[in-house]
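Asks:
Number of protein chains: 2
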Amino acid sequence: MDSPPVLLKPAVCLLSGGLDSATCLAIARQEGFRCYALSFDYGQRHRRELEAAARVAGSLGAAEHRVVSIDLRAFGGSALTSDIAVPKAGVDPGIPVTYVPARNTVFLSLALAWAEVLASSDVFIGVNAIDYSGYPDCRPEFIAAFAKMANLATKSGVEGRTRLQIHTPLIELSKREIIQKGAELGVDFSLTHSCYDPDGHGRSCGLCDSCRLRLKGFKEAGLKDPLEYAEWNTSENI
Amino acid sequence: MDSPPVLLKPAVCLLSGGLDSATCLAIARQEGFRCYALSFDYGQRHRRELEAAARVAGSLGAAEHRVVSIDLRAFGGSALTSDIAVPKAGVDPGIPVTYVPARNTVFLSLALAWAEVLASSDVFIGVNAIDYSGYPDCRPEFIAAFAKMANLATKSGVEGRTRLQIHTPLIELSKREIIQKGAELGVDFSLTHSCYDPDGHGRSCGLCDSCRLRLKGFKEAGLKDPLEYAEWNTSENI
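So the protein sequences, as listed, match chains A and B.
Position one of the first sequence corresponds to residue 1249 (my numbering), numbered consecutively onward.
Position one of the second sequence corresponds to residue 1249 (my numbering), numbered consecutively onward.
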């Protein structure tokens, strides 16, 4: 007997175009959600990730992909959105200059807005508290506080129709485990982009925190990163 | 003896251009803050309020006024940002169609981003739980949950350098009291704009919820609203 057609539940999936959010989207799809992928053009210097996000959304069967523009450069304060140089000397402890003030708060707020319009009570975000580069808004306690606030912020929350759930399937995984999970779910990592400071040909620098964490993850997973790097000897950078 | 020069504490003040946020900014100035006024171009049909915001920021001595664009129309779902008609038959109980999904969450998130860059731990927002048109994100419990989340979201919060405070000086005031307070502090109400659906000449409609609450407030305060209304007999609308 055929199973009856299933009306999939909608979920908003934040999608940067990096390997974490790609894997997160693949997990949401595997869990049976109809995925509405959301990316932001926020003045990031690595805007190439938006093209990666569109490719990833298509390849993983997102129902829709929207890119919302917000000019976070208006406030400055980060190496990702201003003229502060991206550090390349290695991953330091503490909060790095690539931290964008309140970025995940802003992104989750906009995901919440879309979720409310879609009558969705599920938001997926690929944050990660292990290899997380020290960003405060990637921690479980932040996510929990956001969900609590969100349920007081919305019409559907107040009317008791839905209870927003923020899914963070990667939060306790190492970069190695994220890559293994993504590979298992068929994520095409050649479509993703992680580098904070790609060169004019779109090649990853191999030296910024994001490249280093990615390369280390692939090495530990025993897999080859399909991306092209500007630096040849990438194994030295991890 | 002269008092020593005082280095004013910076505060981010959300400023829509309406009378509530104008009064809120006047209160922040009176409390001795150096005010950074923040407005949003979010695709609202009453964009005339942005001109009002600029006039108000200037007249009340804000240190700076920034307008950040975010296209909330990308999500739809509100009479203020889409083709749903603005209701004019009177103020209904419940959450009206002029509610913009997650609007205050998005606005406060962006205020938080600017506050972090300014090393400010104070944000002012003119929300009001009394004559608040039934929006869920104007309630004290929402504001408290946002502040809690914000302190987990930011570099300065995590490092224990600051503890964000969200000031809501109007939250327990009626519209009448807000108007009286604003008048007392010298707010020039002729510079403000409240109407959701002004006509081509910039005149307020006198019939939407926002006009009705405003007119009722002025009447109760025993003051004359200096704005021009498209409908002559405004006293019938309140």
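Cβ atoms here follow ideal geometry from the backbone N, Cα and C, with glycine treated the same way.
It should be emphasised that the depicted structure is a prediction, and the values quoted were computed from it without experimental measurement.
Residue 1241 of chain B CB to nearest chain A CB: under 8 Å?
Replies: Since the first residue of chain B shown is 1249 and the last is 1486, residue 1241 of chain B is not available in this structure.
Asks: Can you tell me whether residue 1282 of chain A is helix, strand or coil according to DSSP?
Replies: Three-state result, residue 1282 of chain A: strand.
Asks: What is the rounded straight-line gap between the Cα of residue 1205 of chain A and the Cα of residue 1384 of chain A?
Replies: Residue coverage of chain A in this structure runs from 1249 to 1486, which leaves residue 1205 of chain A outside it and unanswerable.
Asks: Quick check on the DSSP output: the beta strand (DSSP E) that includes residue 1413 of chain B runs from which residue to which?
Replies: Start and end: 1413 to 1415.
Asks: Rounded to the nearest angstrom, how far is the Cβ of residue 1427 of chain A from that of residue 1471 of chain A, given a contact under 8 Å?
Replies: Indeed, because the Cβ distance is near 6 Å, the residues count as touching under 8 Å.
Asks: Grab me the residues of residue 1447 of chain A's own chain with a C-beta within less than 6 Å of its C-beta, minus the 5 sequence neighbours each way, in chain order.
Replies: Only 1478 meet the Cβ criterion.
Asks: Identify the continuous alpha helix (DSSP H) that holds residue 1463 of chain B and give its terminal residues.
Replies: Run containing residue 1463 of chain B: 1457 to 1469, per the alpha helix (DSSP H) assignment.
Asks: Just checking residue 1350 of chain A against the ligand HEM - is the residue's beta carbon closer than 7 Å to any of the ligand's heavy atoms?
Replies: Because no ligand of any kind appears in the structure shown, any question about the ligand HEM cannot be addressed here.
Asks: Thinking C-beta only, is residue 1442 of chain B closer than 8 Å to residue 1462 of chain B?
Replies: Yes. Within cutoff.
Asks: Report the partner residues of residue 1262 of chain A according to the DSSP bridge assignment.
Replies: DSSP, once it has assigned bridges, lists A/1286 as partnering residue 1262 of chain A.
Asks: Quick one: does residue 1319 of chain A have its CB under 8 Å from some CB of chain B?
Replies: True, the Cβ-Cβ gap to chain B drops below 8 Å.
Asks: What residue range is occupied by the uninterrupted beta strand (DSSP E) comprising residue 1312 of chain B?
Replies: Residue 1312 of chain B -> beta strand (DSSP E) spans 1312 to 1317.
Asks: Just grab the DSSP bridge partners of residue 1390 of chain A for me.
Replies: Beta-bridge pairing links residue 1390 of chain A to no other residue.
Asks: Counting only Cβ pairs nearer than 7 Å, list the residues of chain B close to residue 1357 of chain A.
Replies: Chain B residues near residue 1357 of chain A: 1350, 1353, 1354 and 1357.
Asks: Report the option in B/1435, B/1284 and B/1310 whose CA atom is closest to the CA atom of residue 1360 of chain B.
Replies: Out of B/1435, B/1284 and B/1310, B/1284 has the C-alpha closest to the C-alpha of residue 1360 of chain B.
Asks: Any beta carbon of chain A sitting closer than 8 Å to that of residue 1302 of chain B?
Replies: No, residue 1302 of chain B lies away from the interface with chain A (no Cβ there is under 8 Å from its Cβ).
Asks: Take residue 1434 of chain A as the anchor and find which of A/1297, A/1464, A/1256 and A/1267 has the nearest alpha-carbon.
Replies: The candidate whose alpha carbon is nearest that of residue 1434 of chain A is A/1267.
Asks: Which residues bound the alpha helix (DSSP H) around residue 1365 of chain A?
Replies: Looking at the DSSP string, the run of the alpha helix (DSSP H) that includes residue 1365 of chain A is 1351 to 1366.
Asks: Hey, how far is the Cα of residue 1308 of chain B from the Cα of residue 1358 of chain B?
Replies: Each residue's alpha carbon lies about 22 Å from the other.
Asks: Under a three-way DSSP split, which group does residue 1250 of chain A fall into?
Replies: Because residue 1250 of chain A sits at a pLDDT of 47, beneath the cut-off of 50, its placement in the model cannot be relied upon, and the point is left open.
Asks: Using beta carbons (cut-off 8 Å, strictly below), is residue 1372 of chain A in contact with chain B?
Replies: Chain B contact via Cβ: absent.
Asks: Just the Cα atoms here: how many angstroms apart are residue 1310 of chain A and residue 1414 of chain B?
Replies: Between residue 1310 of chain A and residue 1414 of chain B, the C-alpha separation is close to 37 Å.
Asks: 8 Å is my cut-off, CB to CB: does residue 1323 of chain B come that close to chain A?
Replies: Chain A contact via Cβ: present.
Asks: Please state whether DSSP places residue 1257 of chain B in a helix, a strand or coil.
Replies: Strand, per DSSP.
Asks: Determine the direct distance from the alpha carbon of residue 1438 of chain A to that of residue 1222 of chain A, and round the result to whole angstroms.
Replies: There is simply no residue 1222 of chain A to check, as chain A begins at 1249 and stops at 1486 in what is shown.
Asks: Just confirm the distance between the C-beta atoms of residue 1417 of chain A and residue 1275 of chain A, as a whole number of angstroms; I'd bet it's less than 8 Å.
Replies: At roughly 5 Å, the Cβ-Cβ gap stays under 8 Å, so residue 1417 of chain A and residue 1275 of chain A are in contact.
Asks: When the Cα of residue 1258 of chain A is compared with those of A/1396, A/1401 and A/1369, which residue comes out closest?
Replies: Nearest option by C-alpha distance: A/1369.
Asks: Using beta carbons (cut-off 8 Å, strictly below), is residue 1360 of chain A in contact with chain B?
Replies: Cβ-Cβ to chain B under 8 Å: yes for residue 1360 of chain A.
Asks: Tell me, please, whether the CB atom of residue 1437 of chain B is closer than 8 Å to any CB atom in chain A?
Replies: No, no contact with chain A.
Asks: Do residue 1282 of chain A and residue 1256 of chain A come within 8 Å of each other at the CB atom, strictly closer than that value?
Replies: Going by C-beta atoms, residue 1256 of chain A is nearer than 8 Å to residue 1282 of chain A.
Asks: So, are the CB atoms of residue 1320 of chain A and residue 1376 of chain A less than 8 Å apart?
Replies: The answer is no: Cβ separation not under 8 Å.
Asks: Just mark residue 1374 of chain B as buried or exposed, buried being the case when its beta carbon has 16 or more other beta carbons within 10 Å.
Replies: Buried.
Asks: Under 7 Å Cβ to Cβ from residue 1468 of chain A, same chain only, skipping five residues before and after it: list those, please.
Replies: Excluding sequence neighbours, residue 1468 of chain A sits near 1424.
Asks: Is any beta-carbon of chain B found at less than 8 Å from that of residue 1311 of chain A?
Replies: Residue 1311 of chain A does not count as touching chain B.
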